[in-house]
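Shown next, in structure tokens, is the structure this report addresses.
Numbering (this note's numbering), first residue to last: 42 to 142.
The structure is reproduced here in structure tokens:
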């Protein structure tokens, strides 16, 4: 999720460019080429704004990412020899998994 703070916009402007750039990546298994995806984020400019909650799919993905990070942190604690801390972290993770269903 991103949040942008923009300066006041003149009344006669209908749209605003919030971000422009590109995403570069390579896939060594496919070729030696670098792939480029242009990115532009353009929004309608309005004098009023009604906040909308993020889509459920985004919230679900963020929740899964949080659970994965919790698991990775427990794994790291165990690798560092801190068994009690890892156990506590895994119990916390289990509680979250149970609450998710």
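Every residue gets a Cβ at the ideal spot worked out from N, C-alpha and C, and that includes glycine.
Please list the terminal residues of the continuous beta strand (DSSP E) segment that includes residue 68. Element bounds for residue 68: n/a, residue is neither H nor E.
Could you pull the start and end residues of the alpha helix (DSSP H) that residue 23 belongs to? Outside the modelled stretch of the chain, which goes from 42 to 142, sits residue 23, for which no answer is possible.
Around the Cβ of residue 135, are there at least 16 other Cβ atoms within 10 angstroms (buried) or fewer (exposed)? exposed
Would you tell me roughly how many angstroms separate the C-alpha atoms of residue 83 and residue 51, rounded to the nearest one? 16 Å
Going by DSSP, what residues sit across from residue 85 in a beta bridge? 56
Bridge-paired residues (DSSP) for residue 72: In the DSSP output, where bridge partners are listed per residue, residue 72 has none listed.
With a CB to CB cut of under 8 Å and the five nearest residues on each side skipped, what residues in its chain are close to residue 7? With the chain running from 42 to 142 in the structure shown, residue 7 is simply not present.
Can a CB atom of chain C be found closer than 8 Å to the CB of residue 142? Note that chain C does not occur in the displayed structure, where there is just one protein chain.
Would you kindly work out how many angstroms separate the C-alpha atoms of residue 90 and residue 48, rounded to a whole number? Each residue's Cα considered, the two are about 15 Å apart.
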